Amino acid sequence: MLEGHFLLTSGLHSPRYVQCARVLMDPPLATRLGESLASELRPILGGRMPGAVVAPALGGILVAHEVARALGCRALFTERQDGAMTLRRGFTLEPDEAVVVVEDAITTGGSTREVIDAVRGKGARVVAVGCLIDRSDGVDLGVPHRSLIRLEVPAWRADDCPLCASGSRPEKPGSRPSPAR
Ligand SMILES: [Zn+2]
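Residues in the sequence shown are numbered consecutively from 161, following the working numbering.
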């Protein structure tokens with residue numbers, strides 16, 4: 161967890177930033193986190209194995225991989241193509257296939273909703289959402305969701321950011337390419 165003034169991938173500003181990549185760079189630790197999140201998700205799945213775990217690139221890819229390893233299914237990811245969140249070329253979902261969507265962290269739920277829509281656009285069903293860190297204040301994704309930890313991290317729109325108001329400029333630690341790209 162970094163302290164400072166950060167531009168989150170959601171576009172919000174925050175005095176703290178949790179760098180999941182720093183944990184996930186340790187493969188055995190990533191596997192343990194994936195197992196833990198899978199354990200949180202199993203009660204929602206009710207004993208039925210999903211066909212796939214899907215996450216947004218880049219931050220979610222390792223999470224999807226490790227949760228899928230624990231659940232025993234495929235790990236897929238989405239990426240932005242011309243601004244639209246799209247299942248990576250070459251990946252397919254079966255009609256009505258049960259899918260778990262995972263993220264490293266959820267703040268506004270914006271990218272999570274985009275992945276849910278991309279999965280549904282392929283005719284599959286999103287049965288659960290999981291993330292390592294939930295730093296939202298109780299976002300409703302319309303799907304049951306679980307996290308490993310809930311963090312109360314202040315996050316403001318740029319207009320309301322007290323750090324900006326005091327003259328500081330935010331730095332961008334995130335890994336997601338800007339939607340404007
Ligand atoms: Zn700011």
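Ideal Cβ placement from N, Cα and C applies to all residues, glycine included. Note that the coordinates shown come from a computational prediction; the quantities given were computed from them, not determined experimentally.
key: By C-beta, the residues closer than 7 Å to any heavy atom of ligand 1, given in chain order   = His165, His173, Trp316, Ala318, Cys321, Leu323, Cys324, Ser328, Pro330
task = Pick helix, strand or coil for glutamate 163, following the three-state DSSP scheme.
result = strand
ask   = Which residues mark the beginning and the end of the alpha helix (DSSP H) in which aspartate 277 is found?
value = 270-281
ask   = How is the beta strand (DSSP E) around cysteine 291 delimited, first residue to last?
value = 285-294
task = Identify whether serine 338 lies in helix, strand or coil by the three-state DSSP scheme.
result = At serine 338, the pLDDT of 43 sits below 50, so the modelled position is not reliable and the matter cannot be decided from this model.
query = Rounded to a whole number of angstroms, what is the C-alpha to C-alpha distance between proline 330 and glutamine 179?
reply = 16 Å
inquiry  = Between which two residues does the alpha helix (DSSP H) holding glutamate 195 run?
reply    = 187-205
ask   = When you compare each of Ser296, Glu226, Arg208 to arginine 234 by their alpha carbons, which one comes out closest?
value = For arginine 234, the closest of Ser296, Glu226, Arg208 by C-alpha to C-alpha distance is Glu226.
Start and end residues, alpha helix (DSSP H) containing glutamate 226 = 221-231 is the extent of the alpha helix (DSSP H) around glutamate 226.
request  = Going by CA-CA distance only, name the one from Ala265, Arg273, Ile276, Leu301 that's closest to cysteine 291.
outcome  = Ala265
Per DSSP, the bridge partner or partners of phenylalanine 237 = Ala215
message = Tell me which residues share the same chain as histidine 305 and place their Cβ nearer than 6 Å to its Cβ, disregarding the 5 neighbours each side in the sequence.
response = Val289
query = Okay, do the segment 202-210 and the segment 244-260 touch, 3+ Cβ pairs below 8 Å being the bar?
reply = yes
message = Within the continuous beta strand (DSSP E) that includes alanine 325, where are the two ends?
response = Counting along the chain, alanine 325 falls outside any beta strand (DSSP E), though it belongs to the alpha helix (DSSP H) covering 322-325.
key: Length of the line joining the Cα atoms of alanine 224 and leucine 172   = 24 Å
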